[in-house]
Every structure is written in structure tokens, then in C-alpha cells.
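**Student:** Following this message is one structure expressed as C-alpha cells.
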Amino acid sequence: MATPAVNNNNTEIEKVKSPSGFKIIVREFIKDKVALISLILFLGIVLYVYIYSMGLDTKEVTRVDIFNQFQEPGPVHWLGTDYGGRDVYNQLILGARNSLTIGIAITLITSIIGIALGLLAGYYGGWVDNVVMRTVDFVLVLPALMIIIVYVSIVPEFDVRKFIFIMSLFYWTSKCRLIRSKALAEREHEYVAASKTLGTPDWKIMLFQVLPNLSSIIIVNMTLNLAGNIGIETSLTYLGFGLPESVPSLGTLISYSRNPEVMENKPWVWLPAAILILVLMLCINFIGNALKRAADARQRLG
Amino acid sequence: MFKFILRRSLIAIPQLFLLSILIFLLAQAMPGDALSGRFINNPNLDPAYQSELRDKLGLNDPLPQQYARWIGNLVQGELGMSYVHNVKVETMLESRIANTFWLGLATLILTYLIAIPLGVIAGRWPDTYTDKFIVTYSYVSFSIPIFVFALIMLYIFGFTLGWFPTGGSVDVRVEPGSWDWYLSKLHHLLLPALSSALLATTSTIQYLRNEIIDTKLKDFVKTARAKGTPERKVYSRHIFRNSLLPVAAFLGYDIVFILGGSIFIEQIFSYPGLGQLFVDSITQRDFAVVNVLVMLYGFLSILGTLLSDIILSIVDPRIRID
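Here it is in C-alpha cells:
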């Protein structure tokens, strides 16, 4: 945001200043109708899911009622019921909330790790860079999905926290690589050299000077990562190695389709969750791409 | 260049070593050991004899010693016994490796059949509606989770329309080795391969498109045009050839992507390959098999990345690290 022109000395400079980051983003979204619709739809879904799920009790929703098994969608159960007679619509809302929350949590944790290590590696270079980047190279070639599945199936007392932990352990690498390459370019700029000459400590330069200059890239990357992380979480839950049963996710509903009978003749159980994932992924991606264009002057539409 | 190839290959060696240590430690953390499979049918065996056997097989030795023996066996192709089925792990892998190989190959071929024409069209006529459509497709395909897409493909083309079989790798009623048998195999392959390929095209399309747009402005293209080369030939002979080379470098990365996806694809299409074996073995807690599979996938992914990095460094000197 542009600073308000309280200071008189600043007003003249203000006029010739290029538009602020926020204005550029707004302009980009107005120009790109698909991204705008995605943003509205996404925010709408997120708000609806979080507000509606406040009135839901997980235990209540996941209670088995065998007499109501596989009800077709109707006035009582909007989207019908599953094999345990549980309302699909309520499970869908709870699943979406859990998938979103966990996706956001993993994105935040991996961002902190990736940004911290990427900044250190890019800013200092030398052996720090070497150690961090060789670690990244190694983690990247590991069969992450398989190792996560093994971990989930052997760890005692598996719960959500452990799931977030193991996911975060593997998915910080691409962000670290990105931040490192940008920080490497950034440290060659004059402002960093000037700060160093003035005696500013390295951590201050990194946190308050280099990092803000990378903020647009970080925001874009986090948005796109959110989609990826939700995708991985639901994929693992679909296979039965993701969230524990007490925490239903969108993947849980889709996993009922592993029964061919449900897959073929009772699509109301799993299809809404599959479509909701698709819609969420597409929205996040169109938003992310609009942000990406806003961050790069050569690609802007607006 | 040879210096780079050498350096890059040298990085792969500690990677393999670390991978093997990691998997060895994971194996130690897993319940069960090499004897579980042989005892599973015989719970009455004397516990004293069991521990004696364990001593004899060196299962109580210090970890480094066990690791050395384990890695030695692995290198010689001794993969151990399944905990659950009391057969050698090699035997369990045999039939499935072929299935996964054919599925992977079909996926690769389809990926390039889809990605190359789309990339060329988008690069030749950028900023048209066709180009925008292709670019949007490549972003969308990148963001869709493979299992959701495969499920919807299976539901539409397998169940609703009935164009493809919904599971297995071959029709069991057909006589093995006959012409119909091969056709049936292909028929079973097509839908899983297509589902995977449609999502694997992203990097190839985007790279090819950008490469063509860049190459268009190069001097040798201008020279070709100045000499009066027909436009069609400028593209097929000059631009296309030069842009396609870097795309070949994605082979390794694509193999890694397809391998990762095979866990889901094989599970969804009940295709009896390595990915399905992995999920089945985990569910049955057959960790001898799990171990070998994780090692195999890790090995292939190190090799695939190495392959791509080397090809890329040959065709695109910009990325070479020194």
C-alpha cells in the first residue's frame, strides 16, 4: 500500500512513484476475469466451509447409522448417505475444512523452513550453500510418498500432528531452492553492499531488506504450494495413509470409491468430494497465476 | 562438460549410500525381521530355538555389521524373504516389474504424443486463443491431483461408457501369447496410461513453447528466412529440431513423475504392478517387500534425475554448475 501523504516532503515523490504492489494485484485481477471468479469462488467456499462447520460436531457427523445406509440424495440428506448411513454433505464440509486447515498448516511450516534455509544458503553462499543445497538435492530424489506411507504405517499412535510433521519434512525443498536462487541474485545488489558498509548485522539485512524484496515470489509460491499440499494430503488419505479416521478429509470420502459398487452405482458418495477438490485446485491455481503475473512486470495483463 | 558429468555422477554415489542407510534404519524400525515369514505358519516353534536361529543369522549383531551384510546381499540380488507369503521377494517382483514397465512406457509415449504437438502449436502461434487454451491446460494439468483425475476418468470411460476394462492387466479368458492376449493387454493399459500421461505433459509443453518462442528470434532462423526457405521448412528443419533437444532432457524427470504416480494409478485401476504391490504389502505389513520397493523406487529416481541433469547439461550449457 502507498504510504499516506502526511509528510509534505513526500507528496511530490508520491506522484511519480510506480503503483504499489497491492494496486497492481487488484488491477491484475480486474483484468483477468477467470482469476477474479476463482478468487470470489474460493473465498466463498472457504468462508462457507469454516462457518458452516462451526455448527457441526465431528463425532455426531461420523456416527454410524446402519439403517440409513446408502440413501440417495434427497430432502433430508442433500447428498445422500454413505455405507455407514452418515450424511455425505456434512462429511464433505468437515472434510473440506480439515483438508484446508492441514494444507495451510503444512504450507506455513514448509515455508518457514524453506525460506529460512534458502535465505541462509543464498545470502552466505560458500559452504553453507553447499550443505543446504546438497541436502535439498538428496531429499528431492527420495521417494517421498513411499517413505511417508511407511512412516504412517509404523509410527505408534499416529495422529494429525505426526502427519503434518512427516509431510513438512519432505516438502520444504522446492521452496528452499527457489528462495536460495533469488537470494543469491539479491545479495549482489548495491543496497546489500551499502547496508554491510554501514555495519548492519547480516540477520537484519536478510530479514528486513532481502526478504521483503522476495515477498511477491514467496506469496505466489505459497499459493501454488497450498494446492499441491492439499493434493498430496487427500491422495494419501485416499490410499488410507493420510489423516486418521477421527479426522475426516476430502480424501476419506473419495476413498469409499475403492469399493467398485460405490464407484459405479453410488457416485453421490465420492463424486462431490472429487469435484470439490478439482474446483479448489483450479481456483487456487488461477489465483496463483494471476499473482505470478502481477509479480513479474513483463507478464502483467493490467 | 565431462567435468560436469563426472561431478554430477559423483553426487549420485553419496545419495545412493544415504538412501540405503535411511532405508536400512527404516527397516530396523519396522516390526518383523527375516525370520517372521518362515515362522508365520509355525507359531509353536520353541522361542529358545528362534533366538538361537536369530543369533546364527546375525540378527543380533551390531547395526553396522548388519548393514554391511544387508547391502552386500542387495548388490548380489538377494532381496530376502517375504514376511507374509514365505516366498522370495524376487519372485514376487518378477511378474509385476514387467507390468509396471509396460504401463510406464505407454504413459511416456502418450505423454510425448500429446505434449509435443501441443507445445509446438502453442510456440508457433503464441497469444492466440489456441495458445491460451494449451497454456491453461498445462497449468490445470499441473494442479490436479492424479488420483482424482484417474478416478473420474475411470468413472466416465470405464464404468459409465464402458469403453475400457475397469481393472486388471489382461483378460484372464484369453489364451496367453495369442494375438488377442496382446490386444487385451494394450486395452487394459490404455486408460491408466492416458490418465497419467494427460497430467505428465506440463513441463514438456511449457518448456517446448518457451524454447520455440526463443529460437524464433535467433540469427540462424533469420538467415534461413532471408534465404527464402518456406515458412513450413523454417519450423520443421530449423526451429523444431533445435527446440526438441532440450525436451529430451525431461525424460528422466518424467520417469520419476510417472513412477510416483504409478502408486495411485495402479491402485485405482487395480493394475497388478509394483505400485499396487507396495500398497498391498504395506497393508499386509509385509515389510521385506516394502523395503525392497522403497529402495528400488529411490534408486530409479536417483538415476532418472541424474539422466535428466546430464542430458540437460549437454544440450543447455546455461544450467551447468561448476
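Taken in sequence, the protein lines are chains D and P. Okay, so the first sequence: first residue is 4 according to our numbering, each after it adds one. Okay, so the second sequence: first residue is 7 according to our numbering, each after it adds one. Each residue gets a CB set at the ideal place from its N, CA and C atoms; glycine is no exception.
(1) Of all Cβ atoms in chain D, is any one closer than 8 Å to the Cβ of M36(P)?
(2) Against T2(D), what residues of chain P qualify as contacts under a CB-to-CB distance less than 9 Å, listed in chain order?
(3) What does G98(D) reach in chain P if we use C-beta pairs closer than 8 Å?
(4) Got a sec: which bits of the segment 298-313 of chain P sit with their beta carbon under 8 Å from any beta carbon on chain D, in order along the chain?
(5) Using the three-state DSSP reduction, which class does T142(P) fall into: helix, strand or coil?
(6) Counting contacts by CB-CB distance shorter than 8 Å, is F275(P) in contact with chain D?
(7) Measuring only the C-alpha atoms, how far is L99(P) from V262(P)?
(8) Is D35(D) helix, strand or coil by DSSP?
(9) Looking at the C-beta of V153(D), does it have a partner C-beta in chain P at a distance below 8 Å?
(10) Quick check: what's the CA-CA separation for E58(P) versus D67(P)?
(11) Starting from T84(D), follow its DSSP beta bridges and name the residues at the other end.
(12) Going by DSSP, what residue range makes up the alpha helix (DSSP H) through A206(P)?
(13) By the three-class DSSP mapping on this structure, what secondary structure does K94(P) have?
(14) Express the C-alpha separation of A254(P) and I245(P) in angstroms, rounding to a whole number.
(15) Closest by CA to D299(D), which one among F161(D), S219(D), S171(D) and T203(D)?
(16) Quick one: residues in its chain with C-beta nearer than 6 Å to the C-beta of I46(P), no 5 flanking neighbours on either side, listed in chain order?
(17) Taking all protein chains shown into account, decide if K224(P) is buried (16 or more other Cβ within 10 angstroms of its Cβ) or exposed.
(18) Measure the Cβ-Cβ separation of V213(D) and L122(D) and say whether it is below 8 Å.
(19) Which chain P residues sit within Cβ distance under 8 Å of F334(D)?
(20) Would you identify the three-state DSSP class for M87(P), choosing helix, strand or coil?
(21) Along chain D, which residues have their Cβ under 9 Å away from the Cβ of F284(P)?
(22) Short of 6 Å in beta carbon distance, which residues of its chain neighbour P275(D), apart from the five on each side in sequence? Order them along the chain.
(23) Between which two residues does the alpha helix (DSSP H) harbouring F10(P) extend?
(24) Just verifying my parser: in three-state terms, what is the DSSP assignment at I54(D)?
(25) Using the Cα positions of R301(D) and T176(D), report the straight-line distance between them to the nearest angstrom.
(26) What are the uninterrupted segments assigned as alpha helix (DSSP H) that are 4 or more residues long and contained completely in the segment 219-258 of chain D, given in chain order?
(27) Identify every run of the alpha helix (DSSP H) within the segment 208-240 of chain P, keeping only runs that are complete inside it and at least 4 residues long; order them along the chain.
(28) Check each candidate in E160(D), D90(D), R180(D) and G106(D) and name the one with the smallest Cα separation from G128(D).
(29) Compare the beta carbon distance of P247(D) and F161(D) with 8 Å and say whether it is the shorter of the two.
(30) Where do the N-terminal and C-terminal ends of the alpha helix (DSSP H) with L167(P) fall, by residue?
(31) Who are the Cβ neighbours of F256(P) in its own chain at under 6 Å, not counting the five residues just before and after it?
(32) Roughly how many angstroms lie between the CA atoms of L299(P) and F284(P), to the nearest whole one?
(33) Is there contact here, the segment 284-299 of chain D with the segment 138-152 of chain P, by at least three beta-carbon pairs under 8 Å?
(34) Would you tell me roughly how many angstroms separate the C-alpha atoms of P182(P) and D137(P), rounded to the nearest one?
(35) Would you say Y73(P) faces chain D, with C-beta separation under 8 Å as the test?
(36) If I follow the unbroken alpha helix (DSSP H) through W273(D), where does it start and stop?
**Tutor:** Working from what's here:
(1) M36(P) counts as touching chain D.
(2) The question about residue 2(D) has no answer here: the residues shown for chain D are numbered 4 through 305.
(3) Neighbours of G98(D) on chain P: none; closest Cβ ~13 Å, over 8 Å.
(4) L299, V300, Y303, G304, S307, I308 and T311
(5) helix
(6) no
(7) 19 Å
(8) coil
(9) yes
(10) 13 Å
(11) Answer is D90(D).
(12) W185 to A206
(13) The three-state reading of DSSP puts K94(P) in strand, counting E and B together.
(14) 15 Å
(15) S219(D)
(16) Bear in mind that the predicted position of I46(P) carries a pLDDT of just 48, short of 50, making it unreliable; the figure below should be weighed with that in mind. So no residue of the chain qualifies.
(17) exposed
(18) For the pair V213(D) and L122(D), the CB atoms are nearer than the 8 Å cut-off.
(19) Lying outside 4 to 305, the shown extent of chain D, residue 334(D) is not represented and no answer is given.
(20) strand
(21) M149 and I152
(22) L82 and L95
(23) F8 to A35 is the extent of the alpha helix (DSSP H) around F10(P).
(24) helix
(25) 27 Å
(26) 253-258
(27) 208-222 and 225-232
(28) With distances taken between Cα atoms, G128(D) lies closest to R180(D).
(29) yes
(30) Note, L167(P): premise wrong, no alpha helix (DSSP H); not H, not E.
(31) The beta carbon of F256(P) is closer than 6 Å to those of S209 and T210 in its chain, skipping five residues each way along the sequence.
(32) 7 Å
(33) yes
(34) Distance between the alpha carbons of P182(P) and D137(P) is about 45 Å.
(35) no
(36) P270 to A298
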